[in-house]
Amino acid sequence: MNIFRLLGDISHLLAIIILLRKIWMSRSCAGISGKSQLLFGLVYTTRYLDLITSYISLYNSVMKVVFLAASYATIYLMYVKFKATYDHNHDTFRIEFLVVPAVALALLINHDFQVVEILWTFSIYLESVAILPQLFMVSKTGEAESITSHYLFALGVYRGLYLLNWIYRFWAEDHYDLIAIVAGVVQTVLYCDFFYLYITKVLRGKKLQLPA
Amino acid sequence: TTEAPEHDEL
Chain L
1 MNIFRLLGDI SHLLAIIILL RKIWMSRSCA GISGKSQLLF GLVYTTRYLD LITSYISLYN
61 SVMKVVFLAA SYATIYLMYV KFKATYDHNH DTFRIEFLVV PAVALALLIN HDFQVVEILW
121 TFSIYLESVA ILPQLFMVSK TGEAESITSH YLFALGVYRG LYLLNWIYRF WAEDHYDLIA
181 IVAGVVQTVL YCDFFYLYIT KVLRGKKLQL PA
Chain E
213 TTEAPEHDEL
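Protein chains in written order, with our numbering: chain L, 1 to 212; chain E, 213 to 222.
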């Protein structure tokens, strides 16, 4: 464990808590893409199946359980409890365009052709693009609430910090995983345009609004 | 297929 990874995990956790808290306190999931949340649920489920098969550390296991529980809770709030506030007219990204290629790529490019390994690989590929329905929704409505922007920023920072973690691990431990690194770069790049808007608008107290 | 590193990250 190094500082980049720890900060990355904290940022990831913070993003999830910001989102859950926003939905719970406002009793509304307006502006949030349920499709992105479903994809993240699928990402955590397929990646953390190894909770049963391999033990890394108490920290690792606890975080996995927390991510799974928080993800399912978010999906429950969006699709059951506060279903009436879900803005599905604007959440129109076709997720099969992400899931099908992620499945295909996981079958083609993986470390080992075994069920748990393929599922892990699928989760890495899918995670890299899972935010697209949310970004699509923001671009469709042309704006995002500040709290939604904070959520997206924390989520983007998480993978950015993981990139620093991978550079550090390559240098300090001779450890690297090309699948995770390439997908992580793609994932971080997808947030770049948003980072720019966040820094130039939201941090200066303005609402995140896209030019018409 | 390459050698799989241990998946010790989240």
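Virtual Cβ for every residue (Gly too), placed ideally from N, Cα, C. Being a predicted model, the structure only gives us computed values, none of them experimental.
In angstroms, rounded to a whole number, what distance separates the CA positions of Glu-145 (chain L) and Val-157 (chain L)? Distance from the CA of Glu-145 (chain L) to the CA of Val-157 (chain L), rounded to the nearest whole angstrom, comes to 18 Å.
Thinking C-beta only, is Ser-28 (chain L) closer than 9 Å to Thr-85 (chain L)? Taking 9 Å as the Cβ cut-off, Thr-85 (chain L) and Ser-28 (chain L) qualify as a contacting pair.
Buried or exposed for His-88 (chain L), please, with buried defined as at least 16 other CB atoms from any protein chain shown within 10 angstroms of its CB. Around the beta-carbon of His-88 (chain L), fewer than 16 other beta-carbon atoms lie within 10 Å, marking it exposed.
Assign Glu-127 (chain L) to one of three DSSP states: helix, strand, or coil. Glu-127 (chain L) falls in the helix class under three-state DSSP.
Nearest-angstrom Cα separation, counted from Leu-135 (chain L) out to Asp-193 (chain L): One C-alpha to the other measures close to 10 Å.
From Ser-36 (chain L) to Val-99 (chain L), what distance separates their C-alpha atoms? Those two C-alpha atoms are separated by around 11 Å.
Under a CB-based cut-off of 9 Å, is Phe-67 (chain L) close to chain E? For Phe-67 (chain L), the nearest CB of chain E lies under 9 Å from its own CB, placing it at the interface with that chain.
For Ala-15 (chain L) and Asp-112 (chain L), what's the separation of their Cα atoms in angstroms? The alpha-carbon separation between Ala-15 (chain L) and Asp-112 (chain L) amounts to approximately 32 Å.
Going by Cα to Cα distance, which pick from L:Ala-180, L:Tyr-162 and L:Ser-149 is closest to Lys-201 (chain L)? Of L:Ala-180, L:Tyr-162 and L:Ser-149, the residue nearest in Cα terms is L:Ser-149.
Just curious, the alpha helix (DSSP H) that Asn-165 (chain L) is in, first and last residue? 146-172 is the span of the alpha helix (DSSP H), which, as asked, contains Asn-165 (chain L).
Any C-beta of chain L under 9 Å from that of Thr-213 (chain E): Here Thr-213 (chain E) scores only 49 on pLDDT, less than 50, and its place in the model should not be relied on; the value that follows carries that caveat. With 9 Å as the cut-off, Thr-213 (chain E) counts as an interface residue toward chain L.
At 8 Å on the CB atoms, spell out the chain A contacts of Trp-171 (chain L), in chain order. The question asks about chain A, but that chain is absent: this structure's protein chains are L and E.
Distance between Ile-3 (chain L) and Gln-187 (chain L) (C-alpha atoms, nearest Å): Distance between the alpha carbons of Gln-187 (chain L) and Ile-3 (chain L) is about 20 Å.
Interface residues of chain E around Asn-2 (chain L) at Cβ under 8 Å? Residues of chain E passing the Cβ test: none, with the nearest at roughly 11 Å.
How far does the alpha helix (DSSP H) with Asp-50 (chain L) in it extend, from its first residue to its last? 50-53 is the span of the alpha helix (DSSP H), which, as asked, contains Asp-50 (chain L).
Is the separation between the beta-carbon of Trp-24 (chain L) and that of Leu-77 (chain L) shorter than 9 Å? In terms of Cβ geometry, Trp-24 (chain L) and Leu-77 (chain L) form a close pair [threshold 9 Å].
Proximity winner among L:Ile-179, L:Lys-207, L:Leu-208 and L:Thr-53, relative to Lys-108 (chain L) (alpha-carbon distances): Note that residue 108 (chain L) is Leu in the sequence shown, not Lys. It is L:Ile-179.
I'd like to know whether the C-beta atoms of Glu-143 (chain L) and Lys-64 (chain L) end up nearer to each other than 9 Å. No. Outside cutoff.
Is it right to say Leu-58 (chain L) is buried, meaning 16 or more other beta carbons lie within 10 angstroms of its own, or is it exposed? The Cβ neighbour count for Leu-58 (chain L), taken over all protein chains shown within 10 Å, is under 16; the residue is labelled exposed.
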